[in-house]
Amino acid sequence: MPTSLPTPHFDRFYRHPELTALLQAYADARPDLVQLQELGKSHEGRPIWVVVLTNTATGTDDDKPAIWVDGNIHAAELTASTACLYWLHQLVQGYGSDAAITELLNTRAVYLVPRLNPDGAELALADTRARCSSLTG
Numbered sequence: 005m006p007t008s009l010p011t012p013h014f015d016r017f018y019r020h021p022e023l024t025a026l027l028q029a030y031a032d033a034r035p036d037l038v039q040l041q042e043l044g045k046s047h048e049g050r051p052i053w054v055v056v057l058t059n060t061a062t063g064t065d066d067d068k069p070a071i072w073v074d075g076n077i078h079a080a081e082l083t084a085s086t087a088c089l090y091w092l093h094q095l096v097q098g099y100g101s102d103a104a105i106t107e108l109l110n111t112r113a114v115y116l117v118p119r120l121n122p123d124g125a126e127l128a129l130a131d132t133r134a135r136c137s138s139l140t141g
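Using the working numbering, read the sequence shown as starting at 5 and increasing by one per residue.
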C-alpha cells in the first residue's frame, strides 16, 4: 500500500535534516514517480539532493527529454527552495488527476534541486544570537 503524500509547510524554511526527511517522504510515497538521488556533498559534508520526477513505467529519466530546476544557490535565497518544494508537491499531487502534469511526467523527466547550497542555507537559518555571541567571545 502506498504511503500518503507528505504535507509540506510553505510558511517557514526547512533546515537540512527536515528538508532531507521531506524529500525522502515524497520518494517513499510515490516511488513510481519520485527518486531521491545524492548529487554530491557540500563543503561541510551535507548531501545535495536531486529529486528525479518521471513516470518510470513509461521509461527511465535518462531516456526522456528533461528540465533542470534548482533553488537556493546563494545562502539567503531560501524562497527559491520553497518554490521548488511547491512545484514538487504540485507535480506529485496532480499526477493522475491533472492532464498536463500527467502528460509531463509520462513523457519528460524533471530534475529538481531544492537546495544547491545547504551550507549557506544552514548559516542563513542559524540562530543569529548564537552566532553573534560566538563572535564576541
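C-beta atoms are modelled at their ideal positions from N, C-alpha and C, and glycine is treated no differently.
Bridge partners - Glu-42, DSSP secondary structure assignment: Trp-53
CB contact flag (Val-54, Leu-43, <8 Å): yes
The segment 56-73 in contact with the segment 5-21 per 3-pair CB rule at 8 Å: no
Residues near His-78 in its chain [Cβ-Cβ closer than 7 Å; skip 5 each side]: Asn-121, Gly-124
Close Cβ partners of Gln-28 (< 8 Å) along its chain, the five nearest in sequence each way excluded: Leu-40
Bounding residues of the alpha helix (DSSP H) (the contiguous stretch that carries Tyr-115): Note, Tyr-115: premise wrong, no alpha helix (DSSP H); beta strand (DSSP E) at 113-117.
Coarse secondary structure for Ala-70, derived from DSSP in three states: strand
Exposed unless 16 or more other CB atoms sit within 10 angstroms - verdict on Thr-11: exposed
Endpoints, the alpha helix (DSSP H) within which Pro-10 is located: No alpha helix (DSSP H) holds Pro-10; DSSP gives it neither H nor E.
Where Tyr-90 falls, given that 16 or more other Cβ within 10 Å makes a residue buried: exposed
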